[in-house]
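Written out below as structure tokens is the structure these notes cover.
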Amino acid sequence: MTDIAALTRLRPESLSGSDELGRETRWQQRKSLATRNALLDAALQCLAENGYAGCSVHMVASRAGISRGAMLHHYSSKIELMGAVIEYAFYRRMELYLERIRALSDEERLVRNAGIAVSFAISQTPEYRAYLECHIASRTDPELRSIFLQRAVLYDSVWRAEVRNVFPEWCDDARLPMLNDFVWAMIDGLALNHDIWADSLRVDAILDFVAKTILSVRRGELSV
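So for the sequence shown, our numbering puts the first residue at 22; every next one is plus one.
Structure follows, in structure tokens:
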């Protein structure tokens with residue numbers, strides 16, 4: 022698992038393996054954490070496949086192979102479960118992204134700008150789809166919005182800090198936050214239109230354009 026100071030701020034309790042004081046958990050606690058992870062994984066899949074409205078407590082419990090009563094022991098309501106799954110999705114999405122970027126060679130990262138393709142691949146994961154479904158639903162659901170927005174703002178601040186760590190060529194460049202926003206604004210648009218744009222060439226063309234734009238900025242060919 023990626024061990025990064027800023028990312029650790031977002032690590033959900035169910036993934037920590039220790040209590041709030043950092044002590045190793047006992048067997049019963051580990052069992053409880055494993056149950057929570059199973060519920061969160063099930064909720065991620067339900068959100069990604071059925072959307073927020075179609076993700077019920079009963080459906081999540083059934084998918085996790087856990088009784089509804091046992092589930093309510095961990096999460097007493099759907100909104101409490103959603104708060105936990107939003108944090109879980111945020112953490113897993115960022116962890117996966119950072120691991121994939123770090124796996125790129127210098128040539129892939131600097132010359133081919135393969136980080137753009139990694140970003141798009143992340144947008145196709147259950148973690149990202151669950152995040153997107155909650156984001157969309159939170160616009161018309163005040164209760165969901167109250168728990169989503171504060172978590173999303175924290176996630177964004179940590180995300181900006183971590184991007185500098187995996188793109189050292191941009192670490193001292195004041196343009197990085199804006200370019201990162203540009204990339205993810207495009208990725209969000211692609212993710213929202215993915216079901217409509219059946220032609221993959223349209224997606225490839227946008228990704229190629231974004232990659233070339235970022236390279237042009239870095240080379241000083243395009244001023245921002």
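For each residue, glycine too, the CB sits at the ideal point set by N, CA and C.
Review point. Relative to the C-alpha of Leu-54, which residue among Tyr-96, Arg-130, Trp-205, Ile-168 is closest?
Key: Tyr-96
Check your understanding: For the ligand HEM, any of its heavy atoms closer than 7 Å to the Cβ of Ile-122?
Key -> The ligand content of the structure shown is nil, which means the ligand HEM is not present either.
Review point. Taking DSSP as the reference, what is the three-state secondary structure of Asp-162?
Key: DSSP places Asp-162 outside both helix and strand once states are collapsed to three, so it counts as coil.
Review point. If you count every other CB in all the chains shown that lies within 10 Å of the CB of Thr-161, and 16 or more means buried, which is it?
Key: exposed
Check your understanding: Is it the case that the Cβ atoms of Cys-192 and Arg-181 are separated by a distance below 8 Å?
Key -> With contacts defined by Cβ atoms closer than 8 Å, Cys-192 and Arg-181 do not form a contacting pair.
Point to revise | Inter-residue Cα distance where the pair is Leu-243 and Ala-226 | key: So the two alpha carbons sit approximately 19 Å from each other.
Exercise for review: State the DSSP-derived secondary structure class of Asp-209, mapped to helix, strand or coil.
Suggested key: helix
Review point. Can you check whether the CB of Val-238 is closer than 8 Å to the CB of Ile-137?
Key: Cβ atoms of Ile-137 and Val-238: not closer than 8 Å.
Review point. Residues in its own chain within less than 6 Å of Tyr-152 by CB, not counting five upstream and five downstream?
Key: Ala-110
Review point. CA-CA distance, Val-5 and Arg-47?
Key: The first residue shown for the chain is 22 and the last is 245, placing residue 5 beyond what the model contains.
Exercise for review: Between the Cα of Ile-143 and those of Leu-60, Ile-87, Val-204, Leu-102, spot the shortest distance and give me the residue it belongs to.
Suggested key: Of Leu-60, Ile-87, Val-204, Leu-102, the residue nearest in Cα terms is Val-204.
Check your understanding: What do you reckon, are the CB atoms on Ala-63 and Ala-85 nearer than 8 Å?
Key -> yes
Check your understanding: Which of the three DSSP states, helix, strand or coil, is assigned to Thr-146?
Key -> coil
Review point. How close, in whole Å, do the beta carbons of Ala-105 and Leu-61 come, if the pair is a contact with beta carbons under 8 Å?
Key: Their Cβ separation, rounded to whole angstroms, is 6 Å, which keeps Ala-105 and Leu-61 in contact under 8 Å.
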